[in-house]
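Data block below; observations after.
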Amino acid sequence: MHPLLADEILSPLILSRWQFGLTTIYHFLFVPLTIGMGFTVAVFQTAWYRTGRAHYLQLAKFFGKIFLINFAMGVVTGIVQEFQFGMNWSNYSRFVGDVFGAPLALEGLLAFFLEATFLGVWIFGWDRVPKGLHLTSIWGATVGSILSAYFIIAANSFMQHPVGYTIDKAKGRAELTSIWEVLTNKVALAAFPHTLFACFMVSAAVIVAVACWHISRGQNLDTMRPALRFGLWMMIASGALTVLTGDQLGLAMVETNPMKMASAEALYHTSTGFNASFSIFTLGTPNGSNELFSIRVPYLLSFLSTHTFDGTVEGIDNLQAQYKAAYGPGNYSPIIWITYWSFRWMMGLGIVAILISFVGLFVTRKGRMPKNKWIWRAAVWSFPLPLASMVIGWIFTEMGRQPWLVFGLLKTSDGVSPNTTGVEVLISLIAFTAIYATLAVVEFRLILKAAHAGPEAPTKIDVVTGKMLHEATVY
1093 MHPLLADEIL SPLILSRWQF GLTTIYHFLF VPLTIGMGFT VAVFQTAWYR TGRAHYLQLA
1153 KFFGKIFLIN FAMGVVTGIV QEFQFGMNWS NYSRFVGDVF GAPLALEGLL AFFLEATFLG
1213 VWIFGWDRVP KGLHLTSIWG ATVGSILSAY FIIAANSFMQ HPVGYTIDKA KGRAELTSIW
1273 EVLTNKVALA AFPHTLFACF MVSAAVIVAV ACWHISRGQN LDTMRPALRF GLWMMIASGA
1333 LTVLTGDQLG LAMVETNPMK MASAEALYHT STGFNASFSI FTLGTPNGSN ELFSIRVPYL
1393 LSFLSTHTFD GTVEGIDNLQ AQYKAAYGPG NYSPIIWITY WSFRWMMGLG IVAILISFVG
1453 LFVTRKGRMP KNKWIWRAAV WSFPLPLASM VIGWIFTEMG RQPWLVFGLL KTSDGVSPNT
1513 TGVEVLISLI AFTAIYATLA VVEFRLILKA AHAGPEAPTK IDVVTGKMLH EATVY
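Here the sequence shown is numbered in this note's numbering, starting from 1093 and rising by one per residue.
Spelled out as C-alpha coordinates, the structure:
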(Lines of atoms letter the chains of each structure in order from A and count residues from 1; the text may use other names and numbers.)
(Lines give C-alpha, C1' and ligand atoms only; values in the text may rest on other atoms or scores of the structure.)
Protein backbone atom coordinates (compact mmCIF):
# COMPACT_ATOMS: atom_id res chain seq x y z
CA MET A 1 0.00 0.00 0.00
CA HIS A 2 1.24 3.46 -0.86
CA PRO A 3 2.38 5.34 2.30
CA LEU A 4 0.18 8.35 1.50
CA LEU A 5 -2.87 6.10 1.07
CA ALA A 6 -2.11 4.33 4.36
CA ASP A 7 -1.79 7.69 6.13
CA GLU A 8 -5.14 8.78 4.74
CA ILE A 9 -6.87 5.54 5.75
CA LEU A 10 -5.42 5.75 9.27
CA SER A 11 -6.00 9.49 9.61
CA PRO A 12 -7.46 10.18 13.09
CA LEU A 13 -9.53 13.00 11.59
CA ILE A 14 -11.12 10.88 8.85
CA LEU A 15 -11.70 7.88 11.11
CA SER A 16 -13.11 10.04 13.91
CA ARG A 17 -15.53 11.64 11.46
CA TRP A 18 -16.62 8.22 10.18
CA GLN A 19 -17.07 6.89 13.70
CA PHE A 20 -19.08 9.84 14.94
CA GLY A 21 -21.12 9.89 11.74
CA LEU A 22 -21.98 6.19 11.97
CA THR A 23 -22.84 6.28 15.68
CA THR A 24 -24.92 9.43 15.20
CA ILE A 25 -26.88 7.91 12.33
CA TYR A 26 -27.36 4.67 14.26
CA HIS A 27 -28.58 6.53 17.35
CA PHE A 28 -30.83 8.68 15.21
CA LEU A 29 -32.61 5.58 13.90
CA PHE A 30 -34.29 5.32 17.31
CA VAL A 31 -34.92 8.99 18.13
CA PRO A 32 -37.74 9.74 15.65
CA LEU A 33 -39.68 6.60 16.51
CA THR A 34 -39.33 7.27 20.26
CA ILE A 35 -40.69 10.81 19.92
CA GLY A 36 -43.39 9.97 17.40
CA MET A 37 -44.52 6.71 18.98
CA GLY A 38 -44.67 8.22 22.47
CA PHE A 39 -47.03 10.87 21.14
CA THR A 40 -49.06 8.24 19.29
CA VAL A 41 -49.47 6.04 22.37
CA ALA A 42 -50.55 9.09 24.37
CA VAL A 43 -53.18 9.92 21.74
CA PHE A 44 -54.55 6.37 21.72
CA GLN A 45 -54.68 6.24 25.51
CA THR A 46 -56.41 9.63 25.63
CA ALA A 47 -59.00 8.36 23.15
CA TRP A 48 -59.61 5.34 25.39
CA TYR A 49 -59.85 7.59 28.47
CA ARG A 50 -62.42 9.83 26.78
CA THR A 51 -64.52 7.17 25.01
CA GLY A 52 -63.95 3.94 26.92
CA ARG A 53 -63.65 2.02 23.64
CA ALA A 54 -61.56 -1.08 24.11
CA HIS A 55 -59.71 -0.95 20.78
CA TYR A 56 -58.05 2.33 21.76
CA LEU A 57 -56.68 0.70 24.91
CA GLN A 58 -55.49 -2.26 22.85
CA LEU A 59 -53.68 0.07 20.43
CA ALA A 60 -52.12 2.08 23.25
CA LYS A 61 -50.70 -1.03 24.89
CA PHE A 62 -49.71 -2.64 21.59
CA PHE A 63 -47.78 0.30 20.19
CA GLY A 64 -46.53 1.02 23.71
CA LYS A 65 -44.48 -2.20 23.49
CA ILE A 66 -42.81 -1.01 20.29
CA PHE A 67 -42.21 2.38 21.91
CA LEU A 68 -40.49 0.83 24.95
CA ILE A 69 -38.24 -1.46 22.91
CA ASN A 70 -37.14 1.46 20.79
CA PHE A 71 -36.67 3.77 23.80
CA ALA A 72 -34.36 1.33 25.56
CA MET A 73 -32.12 0.95 22.52
CA GLY A 74 -32.02 4.71 21.98
CA VAL A 75 -30.77 5.31 25.52
CA VAL A 76 -27.93 2.82 25.11
CA THR A 77 -26.70 4.26 21.81
CA GLY A 78 -27.08 7.87 22.97
CA ILE A 79 -24.81 7.34 25.99
CA VAL A 80 -22.06 5.86 23.81
CA GLN A 81 -22.32 8.77 21.39
CA GLU A 82 -21.60 11.37 24.06
CA PHE A 83 -18.40 9.61 25.15
CA GLN A 84 -16.91 10.34 21.74
CA PHE A 85 -16.72 14.05 22.51
CA GLY A 86 -13.98 13.30 25.01
CA MET A 87 -12.43 10.36 23.18
CA ASN A 88 -12.06 11.65 19.62
CA TRP A 89 -12.98 15.34 19.79
CA SER A 90 -11.25 16.68 22.90
CA ASN A 91 -10.11 19.91 21.20
CA TYR A 92 -13.71 20.57 20.24
CA SER A 93 -14.89 19.76 23.77
CA ARG A 94 -12.34 22.14 25.29
CA PHE A 95 -13.21 24.93 22.89
CA VAL A 96 -16.99 24.80 23.06
CA GLY A 97 -17.73 22.75 26.19
CA ASP A 98 -18.82 25.73 28.28
CA VAL A 99 -21.53 26.57 25.74
CA PHE A 100 -22.37 23.17 24.31
CA GLY A 101 -22.53 21.58 27.75
CA ALA A 102 -25.35 23.83 29.00
CA PRO A 103 -28.17 22.54 26.74
CA LEU A 104 -26.81 18.99 27.07
CA ALA A 105 -26.98 19.31 30.86
CA LEU A 106 -30.57 20.53 30.61
CA GLU A 107 -31.34 17.58 28.35
CA GLY A 108 -29.88 15.07 30.79
CA LEU A 109 -30.90 16.56 34.14
CA LEU A 110 -34.31 17.92 33.17
CA ALA A 111 -35.77 16.39 30.03
CA PHE A 112 -34.41 12.85 30.29
CA PHE A 113 -35.21 12.45 33.99
CA LEU A 114 -38.69 13.86 33.38
CA GLU A 115 -39.17 11.39 30.56
CA ALA A 116 -37.74 8.43 32.48
CA THR A 117 -39.71 9.15 35.67
CA PHE A 118 -43.06 9.47 33.94
CA LEU A 119 -42.28 6.48 31.77
CA GLY A 120 -41.62 4.40 34.87
CA VAL A 121 -45.03 5.39 36.25
CA TRP A 122 -46.64 4.48 32.93
CA ILE A 123 -44.93 1.07 32.70
CA PHE A 124 -45.66 -0.05 36.26
CA GLY A 125 -48.78 1.99 36.88
CA TRP A 126 -51.30 -0.09 34.95
CA ASP A 127 -53.98 -1.12 37.46
CA ARG A 128 -51.98 0.57 40.26
CA VAL A 129 -52.64 4.29 39.87
CA PRO A 130 -55.83 6.17 38.92
CA LYS A 131 -56.64 6.16 35.24
CA GLY A 132 -56.25 9.94 34.89
CA LEU A 133 -52.86 9.95 36.60
CA HIS A 134 -51.72 7.07 34.44
CA LEU A 135 -52.74 8.99 31.33
CA THR A 136 -50.81 12.01 32.62
CA SER A 137 -47.71 9.86 32.94
CA ILE A 138 -47.54 8.95 29.24
CA TRP A 139 -48.10 12.58 28.28
CA GLY A 140 -45.35 13.56 30.74
CA ALA A 141 -42.98 11.06 29.12
CA THR A 142 -43.92 12.42 25.69
CA VAL A 143 -43.26 16.02 26.75
CA GLY A 144 -39.93 14.90 28.22
CA SER A 145 -38.86 13.28 24.96
CA ILE A 146 -39.84 16.40 23.01
CA LEU A 147 -37.95 18.67 25.44
CA SER A 148 -34.95 16.37 25.13
CA ALA A 149 -35.05 16.78 21.37
CA TYR A 150 -35.26 20.56 21.70
CA PHE A 151 -32.18 20.81 23.92
CA ILE A 152 -30.18 18.60 21.57
CA ILE A 153 -31.28 20.67 18.58
CA ALA A 154 -30.35 23.88 20.44
CA ALA A 155 -26.86 22.49 21.07
CA ASN A 156 -26.49 21.45 17.44
CA SER A 157 -27.83 24.81 16.25
CA PHE A 158 -25.00 26.56 18.08
CA MET A 159 -22.65 24.67 15.77
CA GLN A 160 -24.65 25.89 12.77
CA HIS A 161 -25.10 29.47 13.99
CA PRO A 162 -23.12 30.33 17.17
CA VAL A 163 -24.83 32.84 19.49
CA GLY A 164 -24.78 33.71 23.20
CA TYR A 165 -21.01 33.37 23.64
CA THR A 166 -17.77 35.28 23.92
CA ILE A 167 -14.26 34.11 23.04
CA ASP A 168 -11.74 34.02 25.88
CA LYS A 169 -8.52 34.49 23.91
CA ALA A 170 -6.33 33.70 26.90
CA LYS A 171 -7.96 30.29 27.38
CA GLY A 172 -8.63 29.79 23.67
CA ARG A 173 -12.26 28.79 24.18
CA ALA A 174 -15.83 29.97 23.77
CA GLU A 175 -17.63 30.86 26.99
CA LEU A 176 -21.37 31.08 27.54
CA THR A 177 -22.81 34.57 28.04
CA SER A 178 -26.52 33.88 27.54
CA ILE A 179 -28.21 30.49 27.74
CA TRP A 180 -31.41 32.21 26.60
CA GLU A 181 -29.77 33.22 23.30
CA VAL A 182 -28.56 29.65 22.81
CA LEU A 183 -32.02 28.21 23.47
CA THR A 184 -33.75 30.79 21.24
CA ASN A 185 -31.26 30.49 18.39
CA LYS A 186 -33.17 31.20 15.16
CA VAL A 187 -31.83 27.96 13.66
CA ALA A 188 -33.10 25.95 16.65
CA LEU A 189 -36.51 27.62 16.52
CA ALA A 190 -36.80 26.66 12.84
CA ALA A 191 -35.22 23.20 13.04
CA PHE A 192 -37.19 21.98 16.07
CA PRO A 193 -40.74 21.94 14.61
CA HIS A 194 -39.37 20.62 11.32
CA THR A 195 -37.71 17.71 13.13
CA LEU A 196 -40.69 17.10 15.41
CA PHE A 197 -43.23 16.78 12.60
CA ALA A 198 -40.83 14.55 10.67
CA CYS A 199 -40.70 12.28 13.76
CA PHE A 200 -44.48 12.03 13.62
CA MET A 201 -44.16 10.94 9.99
CA VAL A 202 -41.87 8.09 11.05
CA SER A 203 -44.33 6.95 13.71
CA ALA A 204 -47.20 7.15 11.22
CA ALA A 205 -45.25 5.00 8.75
CA VAL A 206 -44.72 2.28 11.36
CA ILE A 207 -48.40 2.33 12.33
CA VAL A 208 -49.45 2.03 8.68
CA ALA A 209 -46.99 -0.79 8.00
CA VAL A 210 -48.00 -2.82 11.06
CA ALA A 211 -51.72 -2.30 10.42
CA CYS A 212 -51.39 -3.30 6.76
CA TRP A 213 -49.46 -6.44 7.68
CA HIS A 214 -52.27 -7.59 9.97
CA ILE A 215 -55.09 -6.53 7.63
CA SER A 216 -53.51 -8.35 4.68
CA ARG A 217 -53.75 -11.53 6.76
CA GLY A 218 -57.27 -10.84 7.97
CA GLN A 219 -56.09 -10.42 11.58
CA ASN A 220 -57.27 -7.99 14.27
CA LEU A 221 -59.42 -6.02 11.82
CA ASP A 222 -61.40 -4.27 14.57
CA THR A 223 -58.24 -2.60 15.87
CA MET A 224 -56.00 -2.43 12.82
CA ARG A 225 -58.38 -0.70 10.43
CA PRO A 226 -58.80 2.31 12.79
CA ALA A 227 -55.02 2.27 13.33
CA LEU A 228 -54.44 2.29 9.57
CA ARG A 229 -56.72 5.26 8.98
CA PHE A 230 -55.17 7.12 11.90
CA GLY A 231 -51.66 6.46 10.57
CA LEU A 232 -52.56 7.61 7.06
CA TRP A 233 -54.10 10.87 8.28
CA MET A 234 -51.18 11.38 10.67
CA MET A 235 -48.71 10.95 7.80
CA ILE A 236 -50.51 13.50 5.62
CA ALA A 237 -50.97 16.09 8.39
CA SER A 238 -47.45 15.79 9.78
CA GLY A 239 -46.03 15.64 6.25
CA ALA A 240 -47.71 18.92 5.32
CA LEU A 241 -46.39 20.54 8.51
CA THR A 242 -42.92 19.14 7.82
CA VAL A 243 -42.94 20.81 4.41
CA LEU A 244 -44.10 24.16 5.82
CA THR A 245 -41.56 24.16 8.66
CA GLY A 246 -38.86 23.02 6.23
CA ASP A 247 -39.53 26.18 4.26
CA GLN A 248 -38.90 28.28 7.37
CA LEU A 249 -35.74 26.31 8.14
CA GLY A 250 -34.55 27.00 4.60
CA LEU A 251 -34.95 30.75 5.17
CA ALA A 252 -32.96 30.50 8.40
CA MET A 253 -30.28 28.50 6.58
CA VAL A 254 -29.95 31.11 3.84
CA GLU A 255 -29.59 33.84 6.47
CA THR A 256 -27.08 32.08 8.72
CA ASN A 257 -25.14 29.79 6.36
CA PRO A 258 -25.71 30.73 2.71
CA MET A 259 -22.96 28.34 1.61
CA LYS A 260 -25.15 25.41 2.64
CA MET A 261 -28.02 26.55 0.44
CA ALA A 262 -25.68 27.24 -2.48
CA SER A 263 -24.18 23.76 -2.05
CA ALA A 264 -27.63 22.17 -1.84
CA GLU A 265 -28.32 23.52 -5.32
CA ALA A 266 -24.71 23.25 -6.60
CA LEU A 267 -25.06 26.94 -7.46
CA TYR A 268 -21.58 28.23 -8.28
CA HIS A 269 -22.49 31.72 -9.46
CA THR A 270 -24.75 34.23 -7.74
CA SER A 271 -28.13 34.26 -9.49
CA THR A 272 -31.31 36.32 -9.42
CA GLY A 273 -34.92 35.73 -10.45
CA PHE A 274 -35.30 33.52 -13.52
CA ASN A 275 -31.68 32.36 -13.35
CA ALA A 276 -32.07 31.34 -9.69
CA SER A 277 -33.83 28.15 -10.76
CA PHE A 278 -34.19 24.93 -8.79
CA SER A 279 -32.86 21.81 -10.48
CA ILE A 280 -34.98 18.69 -10.10
CA PHE A 281 -32.21 16.58 -11.64
CA THR A 282 -28.72 17.50 -12.80
CA LEU A 283 -25.74 15.76 -14.37
CA GLY A 284 -22.43 17.57 -14.25
CA THR A 285 -18.67 17.22 -14.43
CA PRO A 286 -16.98 15.16 -11.69
CA ASN A 287 -16.08 18.28 -9.67
CA GLY A 288 -19.65 19.57 -10.03
CA SER A 289 -18.59 22.96 -11.35
CA ASN A 290 -20.03 22.54 -14.85
CA GLU A 291 -23.51 21.39 -15.76
CA LEU A 292 -24.04 18.89 -18.58
CA PHE A 293 -27.78 18.33 -18.31
CA SER A 294 -30.51 19.43 -15.94
CA ILE A 295 -34.25 19.69 -15.43
CA ARG A 296 -34.98 23.07 -13.85
CA VAL A 297 -37.87 25.11 -12.47
CA PRO A 298 -37.24 28.83 -13.10
CA TYR A 299 -37.52 31.25 -10.14
CA LEU A 300 -38.08 28.43 -7.63
CA LEU A 301 -34.68 28.64 -5.91
CA SER A 302 -35.12 32.39 -5.60
CA PHE A 303 -38.55 31.88 -4.03
CA LEU A 304 -37.36 29.15 -1.64
CA SER A 305 -34.40 31.27 -0.52
CA THR A 306 -36.03 34.69 -0.24
CA HIS A 307 -39.80 34.21 -0.66
CA THR A 308 -39.64 36.53 -3.65
CA PHE A 309 -39.36 35.67 -7.33
CA ASP A 310 -36.65 38.23 -7.98
CA GLY A 311 -34.46 37.55 -4.93
CA THR A 312 -30.71 37.03 -5.17
CA VAL A 313 -29.11 33.73 -4.17
CA GLU A 314 -25.37 33.82 -3.54
CA GLY A 315 -23.22 31.26 -5.33
CA ILE A 316 -20.42 29.03 -4.09
CA ASP A 317 -17.64 30.96 -5.87
CA ASN A 318 -18.80 34.30 -4.50
CA LEU A 319 -19.14 32.95 -0.95
CA GLN A 320 -15.76 31.23 -1.20
CA ALA A 321 -14.14 34.59 -1.97
CA GLN A 322 -15.95 36.22 0.96
CA TYR A 323 -14.91 33.47 3.39
CA LYS A 324 -11.30 33.60 2.24
CA ALA A 325 -11.25 37.31 2.98
CA ALA A 326 -12.85 36.77 6.40
CA TYR A 327 -11.17 33.54 7.59
CA GLY A 328 -8.00 33.19 5.53
CA PRO A 329 -6.91 30.73 2.82
CA GLY A 330 -8.77 27.43 2.49
CA ASN A 331 -11.68 25.65 0.86
CA TYR A 332 -14.92 26.68 2.56
CA SER A 333 -17.39 24.65 0.53
CA PRO A 334 -18.63 21.16 1.52
CA ILE A 335 -18.61 18.12 -0.76
CA ILE A 336 -21.06 19.36 -3.37
CA TRP A 337 -22.41 16.06 -4.68
CA ILE A 338 -23.31 14.97 -1.14
CA THR A 339 -25.19 18.16 -0.30
CA TYR A 340 -26.89 18.30 -3.71
CA TRP A 341 -28.22 14.74 -3.72
CA SER A 342 -28.93 14.43 0.01
CA PHE A 343 -31.12 17.55 -0.21
CA ARG A 344 -33.15 15.97 -3.01
CA TRP A 345 -33.38 12.49 -1.53
CA MET A 346 -34.50 14.03 1.78
CA MET A 347 -37.37 15.85 0.09
CA GLY A 348 -38.17 13.13 -2.44
CA LEU A 349 -38.55 10.26 0.02
CA GLY A 350 -40.74 12.33 2.32
CA ILE A 351 -43.00 13.42 -0.54
CA VAL A 352 -43.36 9.83 -1.77
CA ALA A 353 -44.44 8.75 1.73
CA ILE A 354 -47.11 11.46 1.77
CA LEU A 355 -48.37 10.48 -1.69
CA ILE A 356 -48.62 6.82 -0.65
CA SER A 357 -50.80 7.88 2.28
CA PHE A 358 -53.14 9.77 -0.03
CA VAL A 359 -53.46 6.61 -2.13
CA GLY A 360 -54.05 4.59 1.03
CA LEU A 361 -56.89 6.85 2.16
CA PHE A 362 -58.48 6.60 -1.28
CA VAL A 363 -58.37 2.80 -1.60
CA THR A 364 -59.65 2.26 1.97
CA ARG A 365 -62.39 4.91 1.90
CA LYS A 366 -65.92 4.05 3.12
CA GLY A 367 -64.84 0.73 4.60
CA ARG A 368 -63.25 -0.63 1.42
CA MET A 369 -60.62 -3.37 1.78
CA PRO A 370 -58.56 -3.89 -1.41
CA LYS A 371 -58.22 -7.53 -2.49
CA ASN A 372 -54.89 -7.04 -4.25
CA LYS A 373 -52.20 -8.14 -1.81
CA TRP A 374 -49.56 -6.05 -3.61
CA ILE A 375 -51.26 -2.92 -2.30
CA TRP A 376 -50.78 -4.12 1.26
CA ARG A 377 -47.22 -5.25 0.61
CA ALA A 378 -46.31 -1.89 -0.91
CA ALA A 379 -47.73 -0.15 2.17
CA VAL A 380 -45.75 -2.42 4.51
CA TRP A 381 -42.48 -1.86 2.68
CA SER A 382 -42.97 1.90 2.47
CA PHE A 383 -42.34 2.33 6.21
CA PRO A 384 -38.57 3.12 5.84
CA LEU A 385 -39.24 6.15 3.60
CA PRO A 386 -39.76 8.86 6.27
CA LEU A 387 -36.98 7.45 8.45
CA ALA A 388 -34.55 7.38 5.51
CA SER A 389 -35.61 10.93 4.66
CA MET A 390 -34.78 12.09 8.21
CA VAL A 391 -31.42 10.33 8.30
CA ILE A 392 -30.44 11.79 4.94
CA GLY A 393 -31.64 15.19 6.17
CA TRP A 394 -29.24 15.03 9.10
CA ILE A 395 -26.44 14.02 6.75
CA PHE A 396 -27.22 17.13 4.71
CA THR A 397 -27.33 19.28 7.85
CA GLU A 398 -23.97 18.11 9.14
CA MET A 399 -22.13 17.75 5.84
CA GLY A 400 -23.45 21.08 4.62
CA ARG A 401 -21.74 22.83 7.53
CA GLN A 402 -18.28 21.57 6.56
CA PRO A 403 -15.45 22.46 6.85
CA TRP A 404 -16.67 23.91 10.15
CA LEU A 405 -17.41 22.18 13.43
CA VAL A 406 -18.67 25.51 14.79
CA PHE A 407 -19.44 27.80 11.89
CA GLY A 408 -16.91 30.61 11.62
CA LEU A 409 -15.14 29.64 14.87
CA LEU A 410 -13.66 26.13 14.74
CA LYS A 411 -12.84 23.96 11.74
CA THR A 412 -13.46 20.23 11.85
CA SER A 413 -9.76 19.54 11.34
CA ASP A 414 -8.96 21.54 14.49
CA GLY A 415 -11.45 19.75 16.74
CA VAL A 416 -10.01 16.22 16.74
CA SER A 417 -8.14 14.85 19.78
CA PRO A 418 -4.40 15.55 19.29
CA ASN A 419 -3.08 12.46 21.10
CA THR A 420 -5.44 9.90 19.59
CA THR A 421 -3.88 7.68 16.92
CA GLY A 422 -5.58 6.39 13.81
CA VAL A 423 -5.11 2.80 14.94
CA GLU A 424 -6.90 3.49 18.24
CA VAL A 425 -9.84 5.09 16.45
CA LEU A 426 -9.94 2.27 13.90
CA ILE A 427 -10.10 -0.38 16.62
CA SER A 428 -12.93 1.40 18.43
CA LEU A 429 -14.69 2.04 15.10
CA ILE A 430 -14.63 -1.67 14.23
CA ALA A 431 -15.74 -2.62 17.75
CA PHE A 432 -18.60 -0.11 17.82
CA THR A 433 -19.74 -1.12 14.34
CA ALA A 434 -19.80 -4.80 15.28
CA ILE A 435 -21.67 -4.15 18.54
CA TYR A 436 -24.14 -1.82 16.88
CA ALA A 437 -24.78 -4.28 14.07
CA THR A 438 -25.62 -6.92 16.68
CA LEU A 439 -27.89 -4.52 18.56
CA ALA A 440 -29.60 -3.59 15.29
CA VAL A 441 -30.48 -7.24 14.64
CA VAL A 442 -31.77 -7.63 18.21
CA GLU A 443 -33.81 -4.42 18.00
CA PHE A 444 -35.34 -5.31 14.65
CA ARG A 445 -36.27 -8.83 15.74
CA LEU A 446 -37.83 -7.62 19.00
CA ILE A 447 -39.93 -4.99 17.24
CA LEU A 448 -40.86 -7.45 14.51
CA LYS A 449 -41.92 -10.02 17.10
CA ALA A 450 -44.02 -7.46 18.97
CA ALA A 451 -45.58 -6.21 15.72
CA HIS A 452 -46.45 -9.72 14.52
CA ALA A 453 -47.96 -10.68 17.89
CA GLY A 454 -50.61 -8.02 17.53
CA PRO A 455 -52.68 -6.39 20.27
CA GLU A 456 -53.84 -8.29 23.32
CA ALA A 457 -57.44 -9.35 23.77
CA PRO A 458 -59.61 -6.54 25.20
CA THR A 459 -59.76 -6.32 28.97
CA LYS A 460 -62.74 -5.44 31.10
CA ILE A 461 -62.37 -2.12 32.93
CA ASP A 462 -63.99 -0.96 36.14
CA VAL A 463 -65.52 2.33 34.98
CA VAL A 464 -65.33 3.81 38.50
CA THR A 465 -61.72 3.05 39.41
CA GLY A 466 -60.34 2.62 35.90
CA LYS A 467 -58.69 -0.64 37.01
CA MET A 468 -58.46 -3.69 34.79
CA LEU A 469 -60.39 -6.73 35.94
CA HIS A 470 -58.19 -9.15 33.99
CA GLU A 471 -61.16 -10.75 32.32
CA ALA A 472 -61.36 -11.16 28.57
CA THR A 473 -64.59 -9.85 27.16
CA VAL A 474 -66.16 -8.70 23.92
CA TYR A 475 -66.96 -5.01 23.40
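Virtual Cβ for every residue (Gly too), placed ideally from N, Cα, C.
DSSP, reduced to helix, strand and coil, places residue 1501 outside both helices and strands of the structure shown, so it counts as coil. Taking all protein chains shown into account, residue 1312 has 16 or more neighbouring C-beta atoms within 10 Å of its C-beta and is therefore buried. Residue burial is scored here from C-beta neighbours: residue 1224 has fewer than 16 other C-beta atoms within 10 angstroms and is therefore classed as exposed.
Going by DSSP, residue 1199 is part of no alpha helix (DSSP H) at all; its letter is neither H nor E. Shown here for residue 1258: same chain residues with a beta carbon closer than 8 Å to its own, the five before and five after excluded, namely 1266, 1267 and 1269 in chain order. Contact between the region 1358-1372 and the region 1383-1398 is present: 3 or more CB-CB pairs across the two stretches fall below 8 Å.
Of the candidates 1191, 1294 and 1227, the residue whose Cα lies closest to the Cα of residue 1251 is 1191. In this structure, the CA atom of residue 1194 is about 35 Å from the CA atom of residue 1405.
By the Cβ rule, the region 1138-1150 counts as touching the region 1306-1321, because three or more pairs are nearer than 8 Å. Listed in chain order, the non-local C-beta contacts of residue 1427 below 8 Å within the same chain comprise 1491 and 1494, local neighbours out to five positions each way being set aside. If you check the CB distance, residue 1547 and residue 1294 do not come in under 8 Å.
CA-CA distance, residue 1227 to residue 1481, rounds to 32 Å.
In this structure, the straight-line span from the alpha carbon of residue 1339 to that of residue 1283 is close to 10 Å.
Take the alpha-carbon of residue 1140 and the one of residue 1146: they are about 7 Å apart. If you look at residue 1258, you'll find it in the beta strand (DSSP E) that goes 1257-1260. Around residue 1372, the same chain offers 1387 as residues with beta carbons nearer than 6 Å, after the five sequence neighbours per side are excluded.
With distances taken between CA atoms, residue 1524 lies nearest to 1118 out of 1118, 1359, 1440 and 1106. Taking the C-beta atoms as reference points, residue 1159 is found no nearer than 8 Å to residue 1135. Closest in alpha carbon position to residue 1459, among 1213, 1321, 1403 and 1499, is 1321. DSSP places residue 1371 in the strand class (E or B) of the three-state scheme.
Leaving aside the five residues that flank residue 1515 on each side, the residues in its chain whose CB is nearer than 7 Å to its CB run, in chain order, 1102.
The beta carbons of residue 1475 and residue 1298 sit about 6 Å from each other, so the pair counts as a contact at 8 Å. Note that the C-beta distance between residue 1206 and residue 1232 is below 8 Å. The region 1234-1247 makes no contact with the region 1328-1343: fewer than 3 CB pairs, one atom from each, lie closer than 8 Å. Where residue 1266 is concerned, the enclosing beta strand (DSSP E) starts and stops at 1265-1268. According to the DSSP assignment, residue 1111 belongs to the alpha helix (DSSP H) that extends over 1104-1120.
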